[in-house]
Structure formats: structure tokens, C-alpha cells
């Protein structure tokens with residue numbers, strides 16, 4: 001992994017980058033009422049207003065190393081296909097054949113050699129999404145390859161992370177929304193990272209998505225729920241309020257963790273890593289992106 005040269009640090013000691021935050025007048029901080037976590041009608045509205053119209057983190061560019069590699073991404077009733085073309089460009093499309101709406105690819109990931117073929121009616125698409133051919137072409141009037149190609153989805157890449165949005169929404173492009181974090185993340189060389197060997201573990205829980213987001217949105221629960229992390233962070237952990245749909249949380253590593261053996265050993269390991277400048281070399285950093293994404297940066301990984 002190559003490391004890009006660092007710019008000026010985004011923050012300085014102490015980590016009070018959120019101290020100048022001024023809440024709006026008459027800010028309602030009472031939280032959402034309980035019914036909002038159980039309403040099917042509200043959840044249907046959230047599917048449209050939030051998940052279709054806000055940026056979703058779909059994959060990393062290293063998930064698409066060669067031409068023909070693709071990622072299938074489903075959320076709610078939407079189905080996306082992220083594909084690297086022969087020209088090495090990454091594009092995003094609706095994972096729907098233009099004939100009758102069948103899935104063009106099944107599964108969460110794969111690779112095709114030259115083209116994608118709908119498994120139901122046999123329409124074939126080039127790796128740039130244009131229509132290559134249709135079975136029994138005399139059954140159709142002339143089909144323009146671009147007009148009848150896969151429908152594109154809005155996409156933006158930020159430091160190697162691929163974000164998609166199914167419909168236009170209130171957020172600016174991700175590269176602009178997260179621009180204030182550029183100086184902070186650049187030394188990590190995120191675009192040059194690759195996934196380590198292993199598998200994702202998926203677990204289903206009968207809870208509303210907001211319950212998960214409420215917990216993962218901040219580190220306020222760490223002292224009681226994760227005492228080893230508290231030992232690692234010390235007292236320097238702080239959460240920045242959401243600004244335009246993105247937030248920053250950071251914990252400066254404790255110089256002398258005392259309670260947990262695993263934390264002491266991890267601290268020794270991190271202290272020997274020299275590829276990152278301060279403050280990245282001794283901090284755990286979390287970037288929260290509304291509504292459902294978190295990017296975590298550590299001295300040894302991301």
C-alpha cells in the first residue's frame with residue numbers, strides 16, 4: 001500500500017474540534033418518538049426519502065480489480081450493479097434488464113469475461129452498460145445500444161470508496177460532502193488499500209435501522225459497553241455533531257493503557273508503525289455518513 005503525502009493536520013491538541021459548534025435556535029433535542037421505530041408506513045417513506053435519495057456506500061475500488069468484475073448491491077427494493085469496464089472505468093447501473101426487468105447478475109460479486117447476459121431473455125450488455133445484442137433481433141425494431149443499455153445510477157468515488165444514489169437527493173456529491181475530511185484521511189492512502197482475506201459476517205436482527213444508527217452514530221456508550229476501548233482511548237474521545245449529513249469522531253490512543261492486556265499489546269504494536277504522521281499514527285477515527293455508513297480509520301487498517 002502506497003501512502004500519499006500528508007497535508008496540514010485537520011485538528012490540533014486537544015481534540016476539541018467540535019467546541020465551536022453552535023446549535024440552531026429552538027433546536028429540538030428531545031429525540032424521535034417511540035412509534036417512529038415501529039411504523040411500517042414511516043419505514044416505507046424512509047425507503048423512498050432516505051435510502052433512495054441519499055448516498056449509499058456500495059464497495060471499494062479494490063473489490064473491482066479487473067475488467068468484468070462486478071458487485072451486486074441491494075437495499076430495500078432497489079438493485080444496483082457496480083461494474084469495471086474494459087476501459088478500467090467503474091460505472092453503476094440498475095441491476096435490471098431493459099426488456100422485462102430481470103436481474104442481470106445474481107449474487108453479491110463476480111466476474112464476467114466480455115459481457116453480461118440476462119439469464120431470462122438473453123439480452124447481452126457490454127461492460128460499459130451499452131446493449132450488445134438481443135435474442136431474435138427481428139422481433140424488435142432497431143435498438144439503439146445507448147438508449148437500450150443498462151440504466152445508469154449516480155455514482156461518486158471518494159478516496160477509493162464507491163458511493164451510489166438511486167435518485168437525486170439533497171446531499172451534494174460525496175467528494176464535496178466529505179471534502180473537509182480530505183486532509184485527515186489522505187495519509188492513510190485509502191484508495192490504495194485492498195481487502196484482507198476473510199469473509200463478511202451478516203446477521204439479521206428484528207430492530208429498526210434507526211436503533212442501529214443511534215448506537216453507531218457516536219461513542220457515548222463506549223465507557224460502559226466497551227471498557228477495553230475506553231482503556232485504549234483514555235479520556236480524549238469526542239464526537240462531532242453532524243454537519244451537512246457527515247460527522248467525525250476521534251479517540252487519541254492512551255499512552256499508558258492499564259486495564260486490559262490486549263489493549264496494552266495493541267498499543268505496543270501501533271507504536272512501532274511509522275508510515276503515518278501524527279495525529280493519524282495514534283488515533284482511531286470514525287467518519288459517519290447519513291443515513292447508514294461509517295468509515296473507520298485505524299493506524300494499522302481501515
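In the working numbering, the protein residues as written are 1 to 302.
No residue lacks a Cβ here, since even glycine has one placed at the ideal position from N, Cα and C.
Relative to the C-alpha of residue 92, which residue among 77, 106, 129 and 65 is closest?
129
Does the stretch 233-250 come within contact of the stretch 262-278, defined as at least 3 CB pairs closer than 8 Å?
no
If we require 4 or more residues per run, which alpha helix (DSSP H) segments fall completely within the stretch 18-56?
40-46
Segments assigned alpha helix (DSSP H), at least 4 residues, entirely inside the stretch 242-298:
261-271
If contacts are defined as beta-carbon pairs under 8 Å, then residue 212 and residue 302 qualify, I think. What distance do you get, rounded to the angstrom?
Going by Cβ atoms, the distance from residue 212 to residue 302 rounds to 21 Å, so no, they are not a contact pair.
Evaluate the contact criterion for the stretch 203-211 versus the stretch 27-38: three or more CB pairs, one atom per stretch, below 8 Å.
yes
Using C-beta distances below 6 Å, list every residue in its chain close to residue 71, excluding the 5 sequence neighbours before and after it, in chain order.
59, 63, 82 and 109
Is the CB-CB distance between residue 171 and residue 245 below 9 Å?
yes
Under a Cβ-count criterion, where at least 16 other Cβ atoms within 10 Å of its own Cβ denotes burial, should residue 280 be classed as buried or exposed?
buried
Could you tell me which of 74, 107 and 113 sits nearest to residue 94, measuring between CA atoms?
74
Am I right that residue 178 and residue 158 are in contact with their C-beta atoms under 8 Å? What's the rounded C-beta distance?
5 Å
As a quick exercise: from 297, 114, 150 and 102, pick the residue whose alpha carbon is nearest that of residue 253.
297
Member of 101, 69 and 99 whose CA lies at the smallest distance from the CA of residue 87:
69
Once DSSP output is grouped into helix, strand and coil, what is the label at residue 155?
strand
Residue 183 versus residue 196: straight-line alpha-carbon distance, rounded
25 Å
Alpha carbon to alpha carbon, how far is residue 263 from residue 224?
16 Å
Minimum C-alpha distance to residue 292 - residue among 101, 47, 41 and 119
47
Using 10 angstroms around the beta-carbon of residue 45, count the other beta-carbons present and answer buried if the total reaches 16, otherwise exposed.
exposed
First and last residue of the beta strand (DSSP E) that includes residue 126?
124-126
What does the Cβ neighbour count give for residue 232, buried or exposed, with the cut at 16 atoms within 10 Å?
buried
Among the residues of its own chain, which have a CB less than 7 Å from the CB of residue 191, if the five just before and after it don't count?
61, 159 and 160
With a CB to CB cut of under 6 Å and the five nearest residues on each side skipped, what residues in its chain are close to residue 234?
254
At 4 residues or longer, what runs of the alpha helix (DSSP H) sit wholly inside the stretch 151-195?
174-177 and 182-185
Which value, in whole angstroms, describes the spacing of the CA atoms of residue 124 and residue 84?
16 Å
Three-state secondary structure (DSSP) at residue 96?
coil
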